[in-house]
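Beneath this line is the structure, given in structure tokens, with notes to follow.
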Amino acid sequence: MRQLLHLLGSLLAAVRQVFLSVLNYFKRLKESRSRYYTRQRDKKRAASGKVRKPKETVPPTEKPLDIVYPDDLSPEIDELPVENIVRQNTVLPDEDVVRQNPTASEKIRARKLPSLKETLQRFTAGKRKTIRPAYIIAAAAGIFVLAGLITYAALRSKNVYTLDVTLKGDPVVLLEYGTPYEDPGAAASYQGSVIHSNDQTDLPVSTKMDEEPVEPGTYMIQYSAEYEDMKAGAMRIVHVVDTVPPEIKLTTNPDAYTLPGHPYEEEGFTASDNHDGDLTAQVTSEEKDGHVIYTVSDAAGNKATADRAIVYDDRTAPVLTLKDDVPLEIIAGDEWKDSFTSIDDLDGDITAKVKVEGKVDNYKEGTYTLKYTSEDAHGNASTAERTVTVKPLPKNDPSLAVNGDKIVFLTFDDGPGEYTAELLDILAKYNVKATFFVTGLGNHQELIGREAAEGHTVGVHSLTHDYDKIYADEDAFWEDFDAMNDIIEQQTGSRTNIMRFPGGSSNTVSAGNEGLMTRLTVQAQKKGYDYYDWNAYDGDVYETTDPKQISQNIIDGIQQQSISVVLCHDTKEYTKDGIEDAIRWALENGYTFLPITFGCFECHHGVQN
Ligand code: ZN
């Protein structure tokens with residue numbers, strides 16, 4: 019519309035120029051006509067010799083045509099430059115005011131052109147034919163120009179100049195956080211609404227921005243321009259928004275897995291946001307249906323999620339444990355029982371499913387290799403292996419005791435007792451011959467015969483083993499002694515010349531009879547008896563009740579000297595239980611067990627009474 023008005027204004031300006039030219043033409047025409055008539059009249063007068071009054075062309079009754087020209091034809095107005103008349107924002111003086119300008123109106127009205135009728139009569143009369151077409155054209159042009167002028171005046175009266183600031187780009191900008199803001203600026207123009215002779219474009223615009231639109235928020239950018247005492251402005255709103263959600267990165271360990279039915283163990287994750295930075299600490303996770311869902315939101319409310327599919331697996335083999343309390347070396351005939359466990363992280367105790375390849379025949383000498391395989395439900399297997407050696411039963415061979423070294427005399431006091439029979443079985447098993455210093459206590463005297471029958475030596479210890487009684491005096495001692503030897507004779511068929519003093523020859527329980535032991539030891543030898551004390555001891559009276567310790571004490575004791583006389587008591591169960599290991603160790607380590615025989619070895623304590 020504005021363009022159209024501008025075009026129209028230009029057109030009217032052109033029309034105005036044409037009109038003014040035509041007006042000048044008529045003015046000049048009138049003047050030339052006037053001069054022509056004057057010359058003709060002067061010629062006629064000169065020819066007739068009289069001065070004639072020119073004939074009236076227009077009847078006196080005819081009223082002359084009154085043509086009212088627009089006020090704008092005032093030369094005062096026309097000659098003024100438009101700029102001086104139309105000020106911006108200034109409405110032209112009202113048309114009526116101009117119309118009432120007496121000088122302009124009167125001047126126009128004072129102009130008298132020939133009336134139309136007069137002109138037509140002149141034309142139809144066939145006189146001055148060269149002038150008539152000019153009148154017709156002038157009349158038409160006049161009407162056209164008149165209309166143009168009226169339009170132009172009306173338009174110019176409406177012309178208003180405005181100063182406008184026009185934004186380049188959008189008035190509201192949505193800017194993603196992190197994107198640099200480039201202000202497209204604004205343009206200022208100064209423009210008439212209809213007539214554009216003083217238009218200005220590309221006027222300077224100042225931009226005011228309180229803060230760079232970087233952080234999320236709303237920013238106003240103000241544009242202003244000044245021109246010809248006018249001010250104009252415009253505003254742009256920039257919304258910096260953060261619509262980028264954080265990013266969650268999951269750490270995945272290729273070796274990690276979760277046991278079926280077990281909770282997922284986190285492998286790690288990080289979360290970062292383009293605006294908020296590290297959000298790892300804000301991440302929440304939830305395990306559901308085999309997935310872990312991670313969620314985090316940034317300050318702008320942008321939510322991010324990540325999904326981890328849990329890898330369920332079992333890649334760990336069961337822990338197969340072979341118990342070390344199972345002997346790896348046994349002697350043929352020994353009981354041998356395997357023991358192991360297999361525990362799987364997922365399946366639990368699968369000991370019962372362990373497969374064992376190989377078998378130990380505990381009655382047959384040899385080396386047995388056992389291979390164990392334990393496989394869990396996921397096919398993870400553990401294997402183990404161990405070798406069990408079954409040795410032949412070691413046998414004591416007295417004939418090997420030739421060097422007088424590593425000789426062991428096992429001696430058992432105070433029996434026979436309730437464990438003596440078993441003890442005899444053990445000794446028989448290894449062909450070990452021992453010495454029994456017997457008493458009349460208990461109800462197992464019949465075993466004395468067995469002891470002797472099986473190659474053991476039977477010696478007198480005491481019938482009553484009553485220290486107060488036997489060590490009262492020499493007679494009491496020998497009376498008790500003989501009674502015991504009677505029993506031995508009854509049981510074995512012969513008396514014995516081997517003896518051991520109760521409490522040993524070094525005893526002090528006999529201190530009530532001073533010098534008794536000195537006398538008794540001498541008397542014993544004079545009576546033909548060989549008495550034996552001991553130089554090793556299994557500790558079975560007061561020191562221990564543990565079979566293992568009994569065994570260990572014997573093993574330790576017999577290594578202290580080349581020929582050992584070991585004190586034991588076959589009245590103790592733990593002695594019976596501990597003796598076998600000691601015998602085995604001794605046999606495997608080159609010791610030879612011998613029974614005491616008369617004069618075989620002197621083992622006397624120092625007599626203390
Ligand atoms: Zn005793």
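Be aware that the sequence shown starts at 19, since it is given in this note's numbering, and climbs by one per residue.
Every residue gets a Cβ at the ideal spot worked out from N, C-alpha and C, and that includes glycine.
Bear in mind the structure is a predicted one, so any value in this text is a computation, not a measurement.
Is PRO520 near the ligand ZN, going by C-beta to nearest heavy atom under 6 Å? yes
Is any heavy atom in the ligand ZN found nearer than 6 Å to the beta carbon of ASP432? yes
What span of residues does the beta strand (DSSP E) with ALA327 cover, start to end? 321-327
GLY546 by DSSP, collapsed to three states: which one? coil
Could you tell me how far apart the beta carbons of VAL191 and VAL256 are, in whole angstroms, since I believe they sit closer than 8 Å? 5 Å
Candidates VAL40, LYS267, GLU469: closest to LEU164 by CA position: VAL40
Of the residues ALA446, THR475, ALA289, SER400, which one's Cα is nearest the Cα of ALA299? ALA289
Are the beta-carbon atoms belonging to ASP220 and GLN209 less than 7 Å from one another? no
Contacts around ASP112, its chain only, beta-carbon distance under 6 Å, and the 5 residues preceding and following it disregarded: Note that ASP112 scores 46 on pLDDT, short of 50, meaning its location in the model is unreliable; the coordinates nonetheless yield the value given after this. Hits under 6 Å: none found.
Pairs of beta-carbons, one from the stretch 567-575 and one from the stretch 409-419, closer than 8 Å: are there three or more? no
Where does the unbroken alpha helix (DSSP H) through ASP443 begin, and where does it stop? 438-447
Span of the beta strand (DSSP E) holding GLN240? 235-245
Looking at the structure shown, is TYR330 part of a helix, part of a strand, or coil, going by DSSP? strand
Identify the residues that DSSP records as bridge partners of THR429: which are they? THR453, LEU585
Beta-carbon separation (whole angstroms), VAL232 vs ALA204, contact threshold 8 Å: With a Cβ gap of about 21 Å, VAL232 and ALA204 do not count as contacting.
So is ALA322 buried or exposed if we call it buried at 16+ other beta carbons inside 10 Å? buried
ALA419 (DSSP reduced to helix, strand or coil): coil
Compute the Euclidean distance between the alpha carbons of GLU472 and PRO613, then round it to the nearest angstrom. 11 Å
Given LEU388 as reference, the closest of HIS396, GLU353, LEU346, VAL478 once Cα atoms are compared: LEU346
Rounded distance between the beta-carbons of GLY458 and PRO434, thought under 8 Å: With 8 Å as the limit, PRO434 and GLY458 do not qualify as a contact, their Cβ atoms being about 10 Å apart.
DSSP state of ALA501 mapped onto helix, strand, coil: helix
DSSP three-state call for SER50: helix, strand or coil? helix
Roughly how many whole angstroms lie between the Cα atoms of HIS479 and THR401? 58 Å
Would you decide whether MET238 is buried or exposed? Buried here means 16 or more other CB atoms lie within 10 Å of its CB. exposed
Looking only at its chain, what residues have a beta carbon closer than 6 Å to the beta carbon of GLY522, apart from the 5 residues adjacent to it on each side? ASP551, HIS623
Which same chain residues, not among the five before or five after ASP564, have their C-beta less than 8 Å away from its C-beta? TYR592, GLY596
Close-in-space but distant-in-sequence residues of the same chain around PRO93 (CB under 7 Å, 5 per side omitted): No answer about PRO93 holds up, because its pLDDT of 45 lies below 50 and its placement is not dependable.
Residue range of the unbroken alpha helix (DSSP H) whose run includes GLY596: 591-606
Extent of the continuous alpha helix (DSSP H) run through TYR485: 485-488
Looking at the ligand GTP, does it come within less than 6 Å of ILE213, judged from the CB to the closest heavy atom? Summarising the ligand content, the structure contains the ligand ZN and does not contain the ligand GTP.
Backbone secondary structure at GLU403 - three-state DSSP: strand
Buried or exposed: ILE161, going by 16 or more other Cβ atoms within 10 Å of its Cβ? exposed
Which one of LEU585, GLY533, GLN570, TYR170 has the shortest CA to CA distance from ASN553? LEU585
Can you look up VAL33 in the DSSP assignment and give me helix, strand or coil? helix
Tell me the residue span of the beta strand (DSSP E) that contains THR391. 384-393
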